[in-house]
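Residue numbers (the working numbering): 234 to 600.
I have placed the structure first, in the form of structure tokens, so that the comments after it can refer back to it.
And the structure:
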């Protein structure tokens, strides 16, 4: 019987070759930037120009979803991973593909199915009879942007193959660790309501995703525009790279230099502790989620043209970053509460320190 597993790789020089050119066993790209070189920090004008080109390209394809496009770019610049969750046909995969094509880098797409194996994702060692040595053949995860389509259709064993690479940016096979390149981002899609043939993502897997987006249906005007412009050809065919991988690495380095004041850190911790103390939640925000919340807030500030974080930046991304990580108490769930509504109540109840003007810019030590 023919296998239904589908792994597609675009412009990846590693696929199908012995994997020997990149560092192994932890000696490599972590903290060093792109191709071993630390990227240069961009000034405000260059950063703004690059981000506008990316968002403009995405918004030409995804009608009426400017907020989703900005959040996707925010996650990329914050070095996180994105989970797109919604009903079929609202543009989840289209958003992922468009984001990937705006950047001139390696892209791979994995169609998750129940028979997908972990080695299809990470790679496998094959014995070469000519050299009489085992050679590593990289899997689809060895790309700058990895699109995981319908991730919840794969078994938990295959899903777990992504845990190490999403958290540590490396893959371990047969006792050897292989470093992944920079930038690296997993964009996964899943259908929240179709349960036949699906495996719900465990909490540990969901916690690896920095943010979750529910696309939702477009408004009337956007849907009419889509019918007029998308009926003949796919707009994805017209998407060309507008930035290079080096540009994205420089944008990531710029985001890392965004200043976070002590008051912002205290406010972020207060949000996390409030979720853990809430009587309506069985599981609150983890320390990892607070770190990712702060990273997303820094990327939001940079996209808004600032080199420092405001409380509004934290609030803007809090729901997308935390809602998929917290679990409602049974009583709260039965009464109609949602993780989003509980978070909104917590954010509304927490006071924000009224510091003097300019206090957010003080003590410039980036996180």
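The C-beta atom is built at its ideal place from N, Cα and C for all residues, glycine as well.
CB contact flag (residue i, residue j, <7 Å)
{"i": "residue 554", "j": "residue 525", "result": "yes"}
{"i": "residue 491", "j": "residue 437", "result": "no"}
{"i": "residue 412", "j": "residue 318", "result": "no"}
{"i": "residue 529", "j": "residue 307", "result": "yes"}
{"i": "residue 420", "j": "residue 485", "result": "no"}
{"i": "residue 483", "j": "residue 310", "result": "no"}
{"i": "residue 527", "j": "residue 501", "result": "yes"}
{"i": "residue 448", "j": "residue 324", "result": "yes"}
{"i": "residue 178", "j": "residue 562", "result": "The structure shown does not extend to residue 178, since the chain is modelled only from 234 to 600, so the question has no answer here."}
{"i": "residue 493", "j": "residue 542", "result": "yes"}
{"i": "residue 441", "j": "residue 400", "result": "yes"}
{"i": "residue 338", "j": "residue 374", "result": "no"}
{"i": "residue 174", "j": "residue 278", "result": "The structure shown has nothing for residue 174, since the chain only spans 234 to 600."}
Residue i - DSSP class collapsed to helix/strand/coil
{"i": "residue 570", "result": "coil"}
{"i": "residue 354", "result": "helix"}
{"i": "residue 485", "result": "helix"}
{"i": "residue 361", "result": "strand"}
{"i": "residue 450", "result": "coil"}
{"i": "residue 500", "result": "helix"}
{"i": "residue 281", "result": "helix"}
{"i": "residue 289", "result": "helix"}
{"i": "residue 383", "result": "coil"}
{"i": "residue 371", "result": "strand"}
{"i": "residue 579", "result": "helix"}
{"i": "residue 366", "result": "strand"}
{"i": "residue 346", "result": "coil"}
{"i": "residue 339", "result": "coil"}
Buried versus exposed, by CB contacts within 10 Å (16 or more), residue i
{"i": "residue 579", "result": "buried"}
{"i": "residue 273", "result": "exposed"}
{"i": "residue 299", "result": "exposed"}
{"i": "residue 567", "result": "exposed"}
{"i": "residue 383", "result": "buried"}
{"i": "residue 462", "result": "exposed"}
{"i": "residue 564", "result": "exposed"}
{"i": "residue 332", "result": "buried"}
{"i": "residue 536", "result": "buried"}
{"i": "residue 559", "result": "buried"}
{"i": "residue 248", "result": "In this predicted model, residue 248 has a pLDDT of only 37, less than 50, meaning its place in the structure is not dependable; the value taken from the coordinates is given anyway. The residue in question, residue 248, is buried, as its Cβ has 16 or more Cβ neighbours within 10 Å."}
{"i": "residue 520", "result": "exposed"}
{"i": "residue 291", "result": "buried"}
Contacts around residue i, its chain only, beta-carbon distance under 7 Å, and the 5 residues preceding and following it disregarded
{"i": "residue 304", "result": "444, 446, 553"}
{"i": "residue 507", "result": "579, 583"}
{"i": "residue 503", "result": "583"}
{"i": "residue 281", "result": "538"}
{"i": "residue 372", "result": "352, 353, 354, 355, 356"}
{"i": "residue 433", "result": "385"}
{"i": "residue 546", "result": "530, 533, 534"}
{"i": "residue 321", "result": "424"}
{"i": "residue 487", "result": "274, 275, 280, 535"}
Beta-carbon separation (whole angstroms), residue i vs residue j, contact threshold 8 Å
{"i": "residue 377", "j": "residue 416", "result": "5 Å"}
{"i": "residue 469", "j": "residue 294", "result": "6 Å"}
{"i": "residue 472", "j": "residue 334", "result": "4 Å"}
{"i": "residue 389", "j": "residue 435", "result": "7 Å"}
Beta-carbon contacts of residue i that lie in its chain and below 6 Å, excluding the five residues immediately before and after
{"i": "residue 439", "result": "557"}
{"i": "residue 361", "result": "368"}
{"i": "residue 329", "result": "380, 420"}
{"i": "residue 481", "result": "336, 416"}
{"i": "residue 316", "result": "421, 442, 445"}
Own chain residues within Cβ distance below 8 Å of residue i, not counting five before or after
{"i": "residue 288", "result": "299, 302, 303, 306"}
{"i": "residue 456", "result": "296, 297, 450"}
{"i": "residue 387", "result": "345, 346, 347, 349, 432"}
{"i": "residue 178", "result": "The chain is shown only over 234 to 600; residue 178 falls outside these bounds and no answer can be derived."}
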